[in-house]
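Participant: Pasting in a structure now, in C-alpha cells, and then I'll have a few things to ask.
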Amino acid sequence: MAPIPWLSLLVFFPLVAAVLIAIMPAGAHKPIRLWATLAALAEFVFSIPLWWRIAPGQAGFQFEEKLDWIPAIGAQYHLGVDGVSGLLALLTTFTTLIAVLGAWTSVEKRSREFFALVLALEAGMLGTFFCLDLLLFYVFWEAMLIPMYLLIGVWGGQRRVYAAVKFFLYTMAGSVLMLVAILSLWFMQKEMSGIPTFDLHAFYQLPISPDRQFWLFLAFAFAFAIKVPMFPLHTWLPDAHVEAPTAGSVILAAVLLKMGTYGFLRFAMPMFPNALLVCAPWIAWLSIIGIVYGALVAMVQPDLKKLVAYSSVSHMGFAMLGLMAMNAQGFAGSMMTMLNHGVSTGALFLLVGVIYERRHTRKIADFGGLWKVIPVYSVIFLVVMLSSVGLPGTNGFIGEFLVLLGAFKHNVWWAVVAATGVILSACYMLWMFQRVVFGPVTHEENQKLTDLSFRERLVFAPLLLLVFWMGVAPQPFLDRMQPTLDRVLQMTNDRAQVLAEMAAPQPAPVAASLVMPAPAEQGGAR
Amino acid sequence: MNLPMLWIIPALPLAAVALNLLFGDRLGKKGTSFLACGAVGLAFAAAIRAVLTLAARSPEERQMVETAWTWFRVGDFSADVSFLLDPLSAIMVLVVTGVGFLIHIYSIGYMAEDPSFRRFFLYLNLFMFAMLTLVLADNYLLMFVGWEGVGLCSYLLIGFWHEKQSATDAGKKAFIVNRIGDFGFLLGVMFLIAWTGSVNYERVFAAAPHLFVAGGSIITLATILLFVGATGKSAQIPLFVWLPDAMEGPTPVSALIHAATMVTAGVYMVVRSHVLFEMAPATLEVVAVIGAATALMAATIGLVQNDIKRVLAYSTVSQLGYMFFACGVGAFGAGIFHVMTHAFFKALLFLGAGSVIYGMHHEQDMRKMGGLAGKMPITHLTMLLATIAIAGIPPFAGFWSKDEILAKAFATGHYGIFAAGLLGALMTAFYMFRLYVLTFRGKPRFEEHAAHGHADAHGHDAHAAHGAHDDHGHDHGHGGPVKESPWSMTVPLSILAVLSVAGGWVGIGKPFIHGESWMATWLEPVLGHGPHMKHLSAPAEFALMGLSVAVAAFGIFMAFRAYLQQPSIATAVRERFAGVHNALYNKYWVDEFYGAIAVTPIHQGAMRLWRFWDEKVVDGTVNGVGYVLEGVSALLRLFQTGYVGTYALFIAFGVLALFLHFLRS
C-alpha cells in the first residue's frame, strides 16, 4: 500500500480551496471569508502533525515523495520535509490562517479573488519549502511571486502598481541568475555521471571546483539576498510593505523573507561550501551593516509600516549573521530569529493594520494617546513591541542572543557591532510606541476608535502565546531544528574540506570520487 | 512533603500579575490591593522560610539550588531556569521582599485616588517578579531576564502617567540608557561563555582561575563590560543620567525601584561576580574611581536642587557610588551591607517625601514648604531618623555601613578615594539636613486653603502636567489643610524608621566586638575572608570613626546655620559663587552634552541616511537600472518593425556573419 502523499496534500489542498473559492459567487463576501478561513484553519490543523512527526533527533528528510515529472531532463516531483522546512511550513500555515482571519473586514473589494490568491500563495510557499528538486524549487519560487504581485498590485495602497512591479522585477532579476546556476549544475551533473537530474541530494554530492563554486554561489546568493533582503538589495521591501494590504504584509514579512535565509541554508551553503568560506565575511559584514542601517533608518520613519519594514531589514540581518557564524549557536539563533520575526513582525503588521483599517492612515504623527482610547490594543502592542526589541522572556531574545553568541565565537567584532542593534532597536521601537500610544489624544478622530473586536483578539491571542512560549521554553522548537541544522553544518564543513583537498594539490581525476562525507570532528564551533 | 523553596518566591508576584490581568476588572480597589500586597507578603514569608532553612545549615553548606527547567540548550551551550539561595542572595531577597512589601502597603494609601490603581499594582507585582528573578538566578542569563525585566517595569512605572510627555520621555530614556549598559553586560557574559563555556555562577567561578590569567586582558575586558552593565542599572558615571529623570514616576516607585532595590542590582551583580573582579585588579581600580567620582559628583548636584525628590535622586546616585567604591577597594561585604542599610533609610526618605508631597497636595518644591514638623508629626519624626541615618551619625544604620566602606578604603591605601568619600559624607550630611530644614523646620512658605482646584502636578513642571493631571484626578483633598497621611502610609514609615535606626547593628564589627561582625560572618561562605584585606588597629578605627562623625556633624551644623538660623548665608554663597551654582543647578549640563554628541547627531545622521543614502543612492541605483533597461529596450524595439522583409534582412546579415566567422577559424 502506498503511503499517503501527505506533503502533496498539504501543498495542493490550499490550491484546490483557492480554486473553489474563486468560483464562488462574487458578491458573497461573508461566505467567502468564512470558507477561506475554514480552509486555512483546516490546512493549519492538517499541518500540525508535522510538529510531532519531525521528531526531535531526526535529521534527515521524511515523507519523501518522488514522481517523474519531466523524464527527458530528469526533473522530478520530489518533496520531503525535515526539521527546518517543517518548522517553516508550520509558520506558513499558521501565518496564513492569522492573515486570513485578520483580513475579514479590511478587504471587501473583490474579496473572492483576494482570499483565493492568499490560499494559492500558501500552496506556493509550502511547495517551496518542501521540494527537493531544484527545477521544481525554481517553479514554486517563481509561482509564489504571482499571487503576491497581484495582492500588492490590486489591493495595495496608492503607489501599489509601482511597488508591485518593483517587487516582481527585483525578485525576478535575482531568480533568473539562480536559474542559470541551476542549469549549470544540471550540466555538470550530467557530464559527470551521465544521468541528468535536478535532485538536491545529487547536487549535494557534486564535486565542484572552488573557482566554479564561487560564481554559482554568487548567482544563488544574489537571488536569496534579494529575498532576505540584505543591504543594499533591500529597497523593494519598504515599498512593497507600505503598499501591500495587511494580509500581504504579514505573509511577506513572516514567510516570504524567510525564503531567502532558507535558500542559503538549504541550497547555497551546503552546495558551495568553499565559496561560502570565501564570501562569509563579506556577507556577515553586509548583514551587520543591515542590522545597524535598518535600525537607524527605521528610527526616522514617519510611516508605521515603513518603520516595521526597515526593522525587518535589521532583524533579518541577525538571521543572516547567524548563518555566517557557521556554528551551532549561530545556526539555531538564525532559525529562531526567522521564526520569531515571523511571529513578532507579523503581529506588528497586523497591529498597524488594525488602526489603519479604522483611521486610514499609517502616519505616526496621526496617532498618540491610544492607550486611553483602546487599552487592550495598546497592551498587546506593548507586548509585541517588547518581543521585537528582544526583551528576555519573549521570543525575540532567544534568537538574538544565540545569533550574537554564535557570531561572538566566530569573530568578536561581529558580535560587538551587531549588538549595537540591540540598543538601536529599543530606540526606534520605544520612540514610535511613545508617539503612537502614550501622550494625550491629539487628534479628535482618535477619540472614537473602537478597541479590538472578538475576532481581532482571537487573531492576537495565539501570537502572544507564541511570544511567551518561544521566549520562556524554546527547547521544543530548538530540539526540532537542531538535528537538521547540525547535519547541514557538518555537511557544509565536510564538503568544504574534501573539495578543497581535491582542488589543492594536483588536478585530481574528478569523476570517480563521488565523495562520502568523512567522519570529521564537529567543525565550526570553535 | 517538600514544598518548593525558591521558585515560589518570584512565582507568587507573577501569579498575582496573571490574576490581576484576568480578573482585575472585577476585583475593585480593595481586592486589587489585597491580591497585590498579599502576594508580596507571601513572597516575603516564603523568603523568610527559605532563609531560615538556609541559616539552619552549617556555613559551608549554605547553598540551595533549585532547577525549574532547561531554558535552552544549543550545541555545547545551555542555560537553565534555576534558582540559587546563598547568604548573598538571602540578604537581597529579604530586603527586596521586605521593603517591597512595605512599599506595596504604602502604595494603597498613596495611589488610593488614582484611576489606574489596578495597573499600578500590576506593574509593581511584575517588578517584584523580575527583581526576585534577578537576585535568585543561579546564572548570568537568568539574571539578565530579571535585569531587563526590572528595566521594563522601571520604564512602565516611570511613564506611569503616560499622558504626560515628560514622564514617558523619562521612561524611554531610562530604558535606552539601561540598554546601553545591557549591551556591555551581554558582551561581558559572552566573554564568560566563550572562555568557560557556561553562564552558571558556580561553574564560571570554578573555572575562571584556570582559564583566565589573573590581571590579564581577557578577564579585565570581561569584567569591565560587566561593569558597564552595572553603570547603567545602578546609575553610575557615565550612564547615571536616567535616574534623576526617573523621579517622574509615582513616589512609591521611586522608593522601591529607584532607591531600595533595582538600582542596587549593579552592586549585587559585581559582588556576585567578585571572584572575577578580584582577578582583574585594573577593573577594580576603575570601579573604585568611577564609584568615588559618582559619589562626589552627585553629592555636589544634590546640594542645590530644590525639588525634594531630585535631591533624593542625586543622593541615591551618590550612595550607589559609595557601594561601588567599596567593591572597588575589595570590600564587597561592605558594599552589600550598604545596599541593605541604604534600602531602609532611602526607602523611608522617599516614602516620607511622598507623604509630604501627598500632604502638600503634590507640591515638590522645597522652597514652597517649611514648618511641616507640627502638621505631619509621624512623617517628620520618621524622616528625621532616616536623615540622621544617611548623614552617618552613630548608632544609626547608615553610620555603620558608610564607616566600614571608608575604613576599608583607608585600610587598602586608597587615600584619594577615602578623601573623596569623606568629602561626599560632608556634603551628604549638609544637603540632607538642608532638605530636612527646608521641609519641616522654619515657617511655612505656603498658604493653606489658597491652593484649590487641581492639586499641583507630579513633577515640578506644573504646566506641562496640567492636562494629564485633570484626567487623572490625583487631586485628593482639593487643597485643604496640610495633614498627616493615612495609616497605610505611616505604618510602613514607622517600620522603616526602626530599621533605619537599628538595621545597621548587624554590621557592628572589630573595634566594638571580638571577631567579625555578624554580617561579615554570614557572608563569609560567599565572599571569603577577603585575602588582601588589612585590618586597621582599634585606635586607628576609632580615629576614622571620629573623623567621619565630626565631618557629618559639621555638615549638619552648616545646614541648620545656612537654612534655618541665617538664611542670608545661603543667599550670599549662592551669589558669590553664581557660576558654580549655575553649573551644579544645571547638573553640569551632562544631558545637554549627551544630546549634542550622541542623540542629535545620531538622529540627524539617520535622517540623512534615509533621505540621501537610502532613497537617492541605493534605491536610485535600483530604479536607475530599471530606467536604463527601459531605454535600451526602447532602442531595441526599433528593430522589431513587424515587416518580414526587415527580419529577412537581419537573417541574411546573421548568416553572413556566421559564414565569415567560420571562414576565419
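Same order as they appear, the protein sequences are chains A and C.
The number in my numbering is simply the position in the first sequence, starting from 1, with 16 added.
The number in my numbering is simply the position in the second sequence, starting from 1, with 808 added.
Yeah, the Cβ is synthetic: ideal placement off N, Cα and C, and Gly gets one too.
Please read all numbers here as calculations on a predicted model, not as lab measurements.
Contact between the stretch 394–406 of chain A and the stretch 144–155 of chain A: three or more CB pairs below 8 Å?
Facilitator: no
Participant: Just to confirm, is the Cβ distance from G505 of chain A to P223 of chain A under 8 Å?
Facilitator: Note that residue 505 of chain A corresponds to Leu in the displayed sequence, not to Gly. For L505 of chain A and P223 of chain A, no; Cβs fall outside 8 Å.
Participant: Which residue comes first and which comes last in the beta strand (DSSP E) that contains K837 of chain C?
Facilitator: Looking at the DSSP string, K837 of chain C is not in any beta strand (DSSP E); the run it does join, the alpha helix (DSSP H), is 816–863.
Participant: Rounded to the nearest angstrom, how far is the Cβ of A844 of chain C from that of L932 of chain C, given a contact under 8 Å?
Facilitator: 6 Å
Participant: For Q1374 of chain C, count the other beta carbons within 10 Å of its own beta carbon; 16 or more makes it buried, fewer makes it exposed. Which is it?
Facilitator: exposed
Participant: Using Cβ-Cβ distances below 7 Å, what residues of the stretch 993–1009 of chain C are close to chain A?
Facilitator: L994, L995, M998, I1001, A1002
Participant: Do C443 of chain A and I1474 of chain C come within 8 Å of each other at the CB atom, strictly closer than that value?
Facilitator: Outside the modelled stretch of chain C, which goes from 809 to 1473, sits residue 1474 of chain C, for which no answer is possible.
Participant: So what does DSSP say about T875 of chain C, is it helix, strand or coil?
Facilitator: Taken through DSSP and simplified to helix, strand or coil, T875 of chain C comes out as strand.
Participant: Could you tell me whether any Cβ in chain A is nearer than 8 Å to the Cβ of T878 of chain C?
Facilitator: Closer than 8 Å to some Cβ of chain A, the Cβ of T878 of chain C qualifies, so yes.
Participant: Quick one: residues in its chain with C-beta nearer than 7 Å to the C-beta of I1032 of chain C, no 5 flanking neighbours on either side, listed in chain order?
Facilitator: T1091, V1094
Participant: Which residues in chain C have a C-beta closer than 7 Å to the C-beta of I414 of chain A? List them in chain order.
Facilitator: The contacting residues are F880.
Participant: At 7 Å on the CB atoms, spell out the chain A contacts of E1292 of chain C, in chain order.
Facilitator: Simply none; closest approach about 34 Å.
Participant: Using a C-beta to C-beta distance shorter than 9 Å, which residues of chain C count as neighbours of T436 of chain A?
Facilitator: F991
Participant: List in chain order: all unbroken alpha helix (DSSP H) runs of 4+ residues lying wholly within the stretch 1070–1139 of chain C.
Facilitator: 1073–1080, 1082–1086, 1089–1110, 1116–1136
Participant: Thinking C-alpha only, which one of A:T262, A:G406, A:E373, A:Y186 is nearest G1432 of chain C?
Facilitator: A:Y186
Participant: Quick one: does G1206 of chain C have its CB under 8 Å from some CB of chain A?
Facilitator: no
Participant: Is F424 of chain A close to chain C? Criterion is C-beta to C-beta, closer than 8 Å.
Facilitator: With 8 Å as the cut-off, F424 of chain A counts as an interface residue toward chain C.
Participant: Report the residues of the stretch 1403–1417 of chain C with a CB closer than 8 Å to any CB of chain A, ordered along the chain.
Facilitator: I1410, H1411, G1413, A1414, M1415, L1417
Participant: Can you round the beta-carbon distance between L942 of chain C and V958 of chain C to whole angstroms, since I take them to be within the 8 Å contact cut?
Facilitator: 6 Å
Participant: Report the three-state DSSP secondary structure of E1255 of chain C (helix, strand or coil).
Facilitator: coil
Participant: Using DSSP's beta-bridge definition, name the partner residues of H94 of chain A.
Facilitator: A:K82
Participant: Which bits of chain A does H970 of chain C rub up against, with CB to CB less than 7 Å?
Facilitator: W387, F454
Participant: With which residues is L1335 of chain C paired in a DSSP beta bridge?
Facilitator: L1335 of chain C is not bridged to any residue.
Participant: Run through chain A and tell me which residues come within less than 8 Å of I984 of chain C, C-beta to C-beta.
Facilitator: I439, A442, C443, L446
Participant: Got a sec? Which residues, its chain only, sit under 6 Å from T500 of chain A by beta carbon, not counting five neighbours each side?
Facilitator: Spatial neighbours of T500 of chain A in its own chain (CB-CB distance under 6 Å, excluding positions within 5 residues in sequence) are listed in chain order as A75, D98, G99, V100.
Participant: Look at L902 of chain C and A855 of chain C and say whether their C-beta atoms are less than 8 Å apart.
Facilitator: yes
Participant: Taking the alpha-carbon of V1147 of chain C as reference, which of C:G1110, C:Y1076, C:T1187 has the nearest alpha-carbon?
Facilitator: A check of alpha carbon separations from V1147 of chain C across C:G1110, C:Y1076, C:T1187 identifies C:Y1076 as the nearest.
Participant: Is it buried or exposed, I70 of chain A, if we count other Cβ atoms within 10 angstroms and call 16 or more buried?
Facilitator: buried
Participant: Taking only beta carbons into account, state which residues of the stretch 1154–1176 of chain C come closer than 7 Å to chain A, listed in chain order.
Facilitator: none
Participant: To the nearest angstrom, how far is it from the Cα of M246 of chain A to the Cα of M951 of chain C?
Facilitator: 34 Å
Participant: State buried or exposed for P1409 of chain C, treating a residue as buried only when at least 16 other CB atoms are found within 10 Å of its CB.
Facilitator: exposed
Participant: Hey, how far is the Cα of E1475 of chain C from the Cα of F397 of chain A?
Facilitator: Because residue 1475 of chain C is not part of the residues shown, which for chain C are 809 to 1473, the question remains open.
Participant: Go through its chain and collect everything with a Cβ distance to T875 of chain C's Cβ below 6 Å, but skip five positions before and after it.
Facilitator: D888, S890
Participant: Please report how far the alpha carbon of A179 of chain A lies from the alpha carbon of G169 of chain A, in whole angstroms.
Facilitator: Roughly 7 Å separates the two Cα atoms.
Participant: Within 10 Å of its beta-carbon, does H1222 of chain C have 16 or more other beta-carbons around it, so buried, or fewer, so exposed?
Facilitator: buried
Participant: Just curious, the alpha helix (DSSP H) that L1243 of chain C is in, first and last residue?
Facilitator: 1223–1248
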